[in-house]
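Chains as they are written, first to last, in this note's numbering: chain A, 1 to 407; chain B, 408 to 814.
C-beta atoms are modelled at their ideal positions from N, C-alpha and C, and glycine is treated no differently.
This report concerns only the one structure given below.
Protein chains: 2
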Amino acid sequence: MEFIKDLSGGFSVIENLMVSGAREGKFGVAIIYSPNSTASAVFTSNKVVAAPVNYTKNVLKKGIISAVLVNSGNANCFTGKKGFKDCETLAELVSNDLNLPKDEIAISSTGVIGREMPIDIISKVAYESLSKLGNGPENSLAAAKAIMTTDTFPKECAIEVTLTTGETVKIAGITKGSGMIAPNMGTMLSFIVTDAVIPSDEINKALKKSADISFNMIVVDGDESTNDTCLMMANGTSNVEVVNEGKLDSNFQEALNYICIDLAKKMARDGEGATKFIEANVYGAKNETDAKLAAKSIISSNLFKSAVFGGDPNWGRIVSAIGYSGCDLNPDIVTIAIADDSDDVDLVCNGKILAFENTPNLKRAEKIMQSKNVKVNIDMHLGDGEATAWGCDLTYDYVKINAEYTT
Amino acid sequence: MEFIKDLSGGFSVIENLMVSGAREGKFGVAIIYSPNSTASAVFTSNKVVAAPVNYTKNVLKKGIISAVLVNSGNANCFTGKKGFKDCETLAELVSNDLNLPKDEIAISSTGVIGREMPIDIISKVAYESLSKLGNGPENSLAAAKAIMTTDTFPKECAIEVTLTTGETVKIAGITKGSGMIAPNMGTMLSFIVTDAVIPSDEINKALKKSADISFNMIVVDGDESTNDTCLMMANGTSNVEVVNEGKLDSNFQEALNYICIDLAKKMARDGEGATKFIEANVYGAKNETDAKLAAKSIISSNLFKSAVFGGDPNWGRIVSAIGYSGCDLNPDIVTIAIADDSDDVDLVCNGKILAFENTPNLKRAEKIMQSKNVKVNIDMHLGDGEATAWGCDLTYDYVKINAEYTT
Chain A
1 MEFIKDLSGG FSVIENLMVS GAREGKFGVA IIYSPNSTAS AVFTSNKVVA APVNYTKNVL
61 KKGIISAVLV NSGNANCFTG KKGFKDCETL AELVSNDLNL PKDEIAISST GVIGREMPID
121 IISKVAYESL SKLGNGPENS LAAAKAIMTT DTFPKECAIE VTLTTGETVK IAGITKGSGM
181 IAPNMGTMLS FIVTDAVIPS DEINKALKKS ADISFNMIVV DGDESTNDTC LMMANGTSNV
241 EVVNEGKLDS NFQEALNYIC IDLAKKMARD GEGATKFIEA NVYGAKNETD AKLAAKSIIS
301 SNLFKSAVFG GDPNWGRIVS AIGYSGCDLN PDIVTIAIAD DSDDVDLVCN GKILAFENTP
361 NLKRAEKIMQ SKNVKVNIDM HLGDGEATAW GCDLTYDYVK INAEYTT
Chain B
408 MEFIKDLSGG FSVIENLMVS GAREGKFGVA IIYSPNSTAS AVFTSNKVVA APVNYTKNVL
468 KKGIISAVLV NSGNANCFTG KKGFKDCETL AELVSNDLNL PKDEIAISST GVIGREMPID
528 IISKVAYESL SKLGNGPENS LAAAKAIMTT DTFPKECAIE VTLTTGETVK IAGITKGSGM
588 IAPNMGTMLS FIVTDAVIPS DEINKALKKS ADISFNMIVV DGDESTNDTC LMMANGTSNV
648 EVVNEGKLDS NFQEALNYIC IDLAKKMARD GEGATKFIEA NVYGAKNETD AKLAAKSIIS
708 SNLFKSAVFG GDPNWGRIVS AIGYSGCDLN PDIVTIAIAD DSDDVDLVCN GKILAFENTP
768 NLKRAEKIMQ SKNVKVNIDM HLGDGEATAW GCDLTYDYVK INAEYTT
C-alpha cells in the first residue's frame, strides 16, 4: 500500500516518547513513557485473568495513560489480592520516579503463572530501566528485548502513514510472545504508540478491528494465555487529527491493520520450535466468519503442522481440517493450492484431484513444501468471504521446549 | 458395576456371529457376518465425508444389516462417483458370496484420503477374508487386526450384562484408530454386536448416548476424520428383549456405555506416539456441557500434553486450558488435583495454591507425573456438572509419525 512507508528504529520514530528496557536473568522490565496519551487496549478472553490485566482495565477507564511498566519472568496470575497489590506497588514506583499521576500507569506482565511476584527484584530492574529512558533506536530495541520470554528475536515495527487528507502520522510498536503459546513462559503482549490525535474510544474501535484480523488470526498451539494484552497509546505530537466528522481516516485504519499484522506474523514466525512459517488464505467462503473458521482450522491442525515440518504436501489433512472447522464446504467444487515465493500449484481444482503419485503437480508441491514460507490458498467457490491466518510447523523442538520447561 | 462381567474372546462370545480378517501389506479386510440384524450407527460430523459413510447411511435407512465389510489402507474419500461405485462393487461381492440381500451390506473404510480404491487388491483380500469366516476368538482377533492402520495393538472388548430383569445378554466390539487422529492413515472405526433383541431406532438412541460420553470424549490431536464410524448390530440370538414398555433396560445402557468407554480408552492409550495415558475428570461444573468443555480442553492442550510427556506438574497450563475452554470458572474457588493409581494430591484447593517450590505437594505431584496413567481431577465448585475425557501425551514420536508419513 503506497500510503504506508516502512521505517526502522521502532519507537524512536515517535517524538516525545521515551522508552527503556533492562533485564536481570529471566526478569525484564520495559518502560514506555508517553505522558498524557489517549489509550485503549484489547485483552485475553481467557476466564482466568492475571492481576495486571484487571489492574490495567481499571486504569483505562479514564482513557489516559502516561506510562506503562511491562515485566517478564512472572505473570502475576493466580496470585489473589497480593497480585493486585503488587500492581499498585509497581505503579507507585513509576508514578514517583516520573512524577506522573498514579492512575495513569498501566501494568503488564508475562511469565510463570501461580507464583507471587518477586517484587524486590522486579522493582530493582524497574529502577534500572527507568534510569535508561531515552528516544533512540537502541532504547526501543532494549524495550523489545526486556519483554521477551521464549522469543528468539525482538519484534518491532514502525511506519509512516499518509492520510487521505495528505497529512502524515507515525505508528510504532513492539511485541513479544511466541504466539499466545506458553501460559507459563509466554503470552502475547503488544504495545503500540502513534503520534496522531485520536480519542481513546476511537482507538478502541480501530484496535479491535485490527486485532481481529491480526493477533486473533495467528495460532501456534491454540492455547490462549491469561495475560494477552495489546495496548495502544496516542500522544498527539503530530497535531494531526485522524478522526474527522466522526469518521476515522481509512488510511489510518489500514496502517494500523498493517502494523498489527506485521507484529502478529513476527510472532507466528517465532512460534516455539518453529522451522517454517505458514500462511492460510481462504477465498470464496460463504462469509467472513466461515473464512476465518477454515483458515484458523488449517493453521491449528497438528496433523497439517506436522506435515509441513516433514515437507509433505498432504492436502487430505487440509481438506479434513476445513471439513471439521464448522464452515460450509462443498468438496466437489473446492480448489486447493500451495505456494511459496517462487511457485504456486493447484493440488485440487474445482473438486478434481491434480496432485497424486507421479504427477508434475505433486512434484512441484513437494518442492514448495521444502520452503521456509508455505502458503495454502483455498477457494471455496461459495461466496465472497475471505480471511488469512498465520502459524508455524509443529516440530520436535516444540515438544522439547514445552516438555522440558519445569515449574 | 456388578451387573457387568468382563469376558475375553471379543466377538466369539456372541452366538450366530461369524467374523474374519485378512491382510495384504497395508490393505486389510474384515468381514462381520450377522444375518438379519437390527442396526444403527453414528458417523463423523466432518463435512468432508467418505463414500462408504454416505453409502452405509443409505443402507441403514432400512434398519437391517446382514454383513459389514471393512477395509483398511484406503479411505475411499474425495473419490467422487467412482468412490460410491466401489462401495457397490464390494457390497455385491459380499452379497454374492454369502447369499445375502445387497441392500443389507454395510461398507466401512479407513486409510489414505484422495486416492481411488485399488478395487482389485481390496476384492482379492475380501475373498480371502470371506473364506476364513468363523466364530472363534482367533477370528475376532483377525478382524480387529485387519482394520488396524497406525494402531500398535488390536482392540477388542466383550461383556455379559445382567439386566434389571435378571436375564443376561452379551455385547462385544472391536475398534481401531489412534483416536480420530490421522485422516490420511487412520480414523476411528468401531463395530459392536449384541445378542439382545432391540429395534434399530432404540439402538440409535442408546448408541448416541454412549458415543457422547466415550468416543466423543477422547482427543489425540483434535483432528476429526472424514470416515469416523461406530456401527452397532443386534442379532437377537439371546431372545432377550432389552426394551420393555418402550423403555430401554438401564443396565443395558450402562453396559453399552461401559464397552464404548473401554474401546475409546484403548484408542486414547494407543494415540500416535503416546507414552502416557491421561484422564481428565471435571466435577462441580455449572452443567454437563461446561464440564465436557473443560475436560476436553485439558486433554486437547498441546502445552499440557507436552508437560505430561516431560513429567512436569504444570498446573498453570491446566487452569489456562479451562479458562479458554468457554466454561464458567471461578479461579478463587477451584480445586485442582492430580493422581495416579497410588497417590492423589491437591495442587490448588479452593483457589489456594498448595504446590509450589519446595512443598511436599509439588514433590508428590512430580512423582505422579512420572506414571504411565495420569489423572487430572478438577472440582469447579459451581454446580453438579460432571464429565470425563481421555487422551495421551504429545511426544517427539507424534511429530515424527505425522511428519514422515508420505502421501
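**OP:** Flag I745 (chain B) as yes if its beta-carbon sits less than 8 Å from any beta-carbon of chain A, otherwise no.
**Re:** Residue mapping note: residue 745 (chain B) aligns to position 338 of the second sequence, counting from 1. Chain A contact via Cβ: absent.
Original post:
Counting contacts by CB-CB distance shorter than 8 Å, is T633 (chain B) in contact with chain C?
Top reply: The structure shown has no chain C; the protein chains it does contain are A and B.
Original post:
Which bits of chain B does K367 (chain A) rub up against, with CB to CB less than 8 Å?
Top reply: Counted from its first residue, the first sequence places residue 367 (chain A) at position 367. Chain B residues near K367 (chain A): none, gap ~14 Å exceeds 8 Å.
Original post:
When you compare only the Cα positions, how much space is there between D332 (chain A) and G487 (chain B)?
Top reply: Residue 332 (chain A) sits at position 332 when you count from the first residue of the first sequence. Residue 487 (chain B) sits at position 80 when you count from the first residue of the second sequence. Approximately 8 Å between the Cα atoms of the pair.
Original post:
Interface residues of chain B around I159 (chain A) at Cβ under 9 Å?
Top reply: Working through the first sequence from its first residue, we reach residue 159 (chain A) at position 159. Neighbours of I159 (chain A) on chain B: none; closest Cβ ~31 Å, over 9 Å.
Subject >> CB contact below 8 Å: P331 (chain A) versus chain B >> reply: Here residue 331 (chain A) refers to the residue found at position 331 when the first sequence is read from its first residue. It does; some Cβ of chain B falls within 8 Å.
**OP:** Just mark M180 (chain A) as buried or exposed, buried being the case when its beta carbon has 16 or more other beta carbons within 10 Å.
**Re:** Residue mapping note: residue 180 (chain A) aligns to position 180 of the first sequence, counting from 1. Residue placement at M180 (chain A) cannot be trusted, given a pLDDT of 41 that sits under 50; what the coordinates show is reported in the next sentence. The residue in question, M180 (chain A), is buried, as its Cβ has 16 or more Cβ neighbours within 10 Å.
**OP:** State the CB to CB distance for the pair M425 (chain B) and N506 (chain B), rounded to an integer number of angstroms; the pair is presumed to be in contact (CB under 8 Å).
**Re:** Here residue 425 (chain B) refers to the residue found at position 18 when the second sequence is read from its first residue. Here residue 506 (chain B) refers to the residue found at position 99 when the second sequence is read from its first residue. Incorrect: roughly 14 Å between the Cβ atoms, too far for contact.
**OP:** Identify the contact partners of R430 (chain B) in chain A, using a Cβ-Cβ distance below 8 Å as the criterion.
**Re:** For the purposes of this step, residue 430 (chain B) is taken as the residue at position 23 of the second sequence. Result: empty, since nearest Cβ-Cβ is about 22 Å, beyond 8 Å.
Original post:
Which runs of the alpha helix (DSSP H) spanning at least 4 residues fall entirely within the region 543-580 of chain B, listed in chain order?
Top reply: 544-553
Subject >> Reduced DSSP secondary structure (H/G/I, E/B, other) of I760 (chain B) >> reply: For the purposes of this step, residue 760 (chain B) is identified with residue 353 of the second sequence, where counting begins at 1. I760 (chain B): strand per DSSP, three-state reduction.
Subject >> Check whether S427 (chain B) and I472 (chain B) have beta carbons under 8 Å apart >> reply: Reading the second sequence from its first residue, position 20 is the one you call residue 427 (chain B). Reading the second sequence from its first residue, position 65 is the one you call residue 472 (chain B). Not in contact: S427 (chain B) and I472 (chain B) (Cβ atoms no closer than 8 Å).
Subject >> Selected residue, minimal CA-CA separation from G584 (chain B), among B:F763, B:E563, B:L769 >> reply: Position 177 of the second sequence holds residue 584 (chain B). It is B:E563 whose Cα lies nearest to the Cα of G584 (chain B).
Original post:
Taking a cut of 9 Å between CB atoms, which residues from the region 451-477 of chain B lie near chain A?
Top reply: T451, S452, N453, K454, V455, V456
**OP:** Run down chain B in chain order and give the residues with a C-beta less than 7 Å from the C-beta of A389 (chain A).
**Re:** Within the first sequence, the letter at position 389 stands for residue 389 (chain A). What A389 (chain A) touches in chain B: nothing, since even the nearest Cβ is about 16 Å away.
Original post:
Got a sec? Which residues, its chain only, sit under 6 Å from I14 (chain A) by beta carbon, not counting five neighbours each side?
Top reply: For the purposes of this step, residue 14 (chain A) is taken as the residue at position 14 of the first sequence. Same-chain partners within the cutoff: K170, A172, V193, D195.
Subject >> Length of the line joining the Cα atoms of K454 (chain B) and A67 (chain A) >> reply: Within the second sequence, the letter at position 47 stands for residue 454 (chain B). Within the first sequence, the letter at position 67 stands for residue 67 (chain A). Cα-Cα distance, rounded: 50 Å.
Original post:
Beta-carbon separation of T557 (chain B) and D656 (chain B) under 8 Å?
Top reply: Position 150 of the second sequence, counted from the start, is the residue given in the question as residue 557 (chain B). Position 249 of the second sequence, counted from the start, is the residue given in the question as residue 656 (chain B). No. Outside cutoff.
Original post:
Relative to the alpha-carbon of C87 (chain A), which residue among A:K57, A:G385, A:D228 has its alpha-carbon at the smallest distance?
Top reply: Counting from one through the first sequence, the residue named residue 87 (chain A) turns up at place 87. Nearest C-alpha to C87 (chain A): A:K57.
Original post:
Do the CB positions of A295 (chain A) and S214 (chain A) come within less than 8 Å of each other?
Top reply: Looking up residue 295 (chain A) in the first sequence gives position 295. Looking up residue 214 (chain A) in the first sequence gives position 214. Taking 8 Å as the Cβ cut-off, A295 (chain A) and S214 (chain A) do not qualify as a contacting pair.
**OP:** Drop a sphere of 10 angstroms on the beta-carbon of A365 (chain A), count the other beta-carbons inside from all chains shown, and report buried for 16 or more, exposed for fewer.
**Re:** Position 365 of the first sequence holds residue 365 (chain A). Answer is buried; the Cβ neighbour count reaches 16.
Original post:
Do N373 (chain A) and F277 (chain A) come within 8 Å of each other at the CB atom, strictly closer than that value?
Top reply: As a first step, residue 277 (chain A) must be located in the first sequence, where it is residue number 277. As a first step, residue 373 (chain A) must be located in the first sequence, where it is residue number 373. Taking 8 Å as the Cβ cut-off, F277 (chain A) and N373 (chain A) qualify as a contacting pair.
Original post:
In terms of residues, what are the limits of the alpha helix (DSSP H) holding L614 (chain B)?
Top reply: Against the second sequence, residue 614 (chain B) aligns to sequence position 207. Looking at the DSSP string, the run of the alpha helix (DSSP H) that includes L614 (chain B) is 607-619.
Original post:
Is the region 755-767 of chain B in contact with the region 664-679 of chain B, if contact means three or more CB pairs nearer than 8 Å?
Top reply: no
Original post:
Hey, S225 (chain A) and T44 (chain A): beta-carbon distance below 8 Å or not?
Top reply: As a working note, residue 225 (chain A) is residue 225 in the first sequence. As a working note, residue 44 (chain A) is residue 44 in the first sequence. Cβ atoms of S225 (chain A) and T44 (chain A): closer than 8 Å.
Original post:
If we cut at 8 Å on Cβ distances, does A810 (chain B) have a partner in chain A?
Top reply: If you number the second sequence from 1, residue 810 (chain B) lands on position 403. Yes, A810 (chain B) counts as interfacial toward chain A.
Original post:
Residues of chain A with CB under 8 Å from Y803 (chain B), in chain order?
Top reply: The sequence position of residue 803 (chain B) within the second sequence is 396, counting from 1. Correct list: Y396, V399, K400.
**OP:** For the beta strand (DSSP E) holding N443 (chain B), just list the boundary residues, first then last.
**Re:** Working through the second sequence from its first residue, we reach residue 443 (chain B) at position 36. 434-450 is the extent of the beta strand (DSSP E) around N443 (chain B).
Subject >> Closest Cα partner of I113 (chain A) within the set B:D804, B:G417, B:E764 >> reply: Counting from 1 along the first sequence, the entry for residue 113 (chain A) is found at position 113. Checking every option, the nearest Cα to that of I113 (chain A) belongs to B:E764.
Original post:
Within 10 angstroms of its Cβ, does P767 (chain B) collect 16 or more other Cβ (buried), or is it exposed?
Top reply: The count along the second sequence starts at 1 and reaches residue 767 (chain B) at position 360. By the 10 Å Cβ count, P767 (chain B) comes out exposed.
Subject >> Counted within 10 angstroms of its Cβ, other Cβ atoms place F560 (chain B) as buried (16 or more) or exposed >> reply: In the second sequence, residue 560 (chain B) corresponds to position 153, counting from 1. Under this definition F560 (chain B) is an exposed residue.
Original post:
Are the Cβ atoms of I745 (chain B) and L754 (chain B) separated by less than 8 Å?
Top reply: For this step, residue 745 (chain B) is matched to residue 338 along the second sequence. For this step, residue 754 (chain B) is matched to residue 347 along the second sequence. Closer than 8 Å, so yes.
Subject >> Same chain only: Cβ atoms within 6 Å of E686 (chain B), ignoring 5 sequence neighbours per side >> reply: Translated into positions along the second sequence, residue 686 (chain B) becomes position 279. K782, W797, listed in sequence order.
Original post:
By Cβ distance, which residues of its chain are closer than 7 Å to D6 (chain A), with the 5 residues on each side in sequence left out?
Top reply: Here residue 6 (chain A) corresponds to residue number 6 of the first sequence, with the count starting at 1. Result list for D6 (chain A): I159, in chain order.
**OP:** Please name the residue, chosen from B:E679, B:E409, B:I729, that lies closest to T696 (chain B) on a Cα-to-Cα basis.
**Re:** Indexing the second sequence from 1 puts residue 696 (chain B) at position 289. With distances taken between Cα atoms, T696 (chain B) lies closest to B:I729.
Original post:
In whole angstroms, what separates the C-alpha of T162 (chain A) from that of G385 (chain A)?
Top reply: For this step, residue 162 (chain A) is matched to residue 162 along the first sequence. For this step, residue 385 (chain A) is matched to residue 385 along the first sequence. Taking the straight line from one Cα to the other gives about 29 Å.
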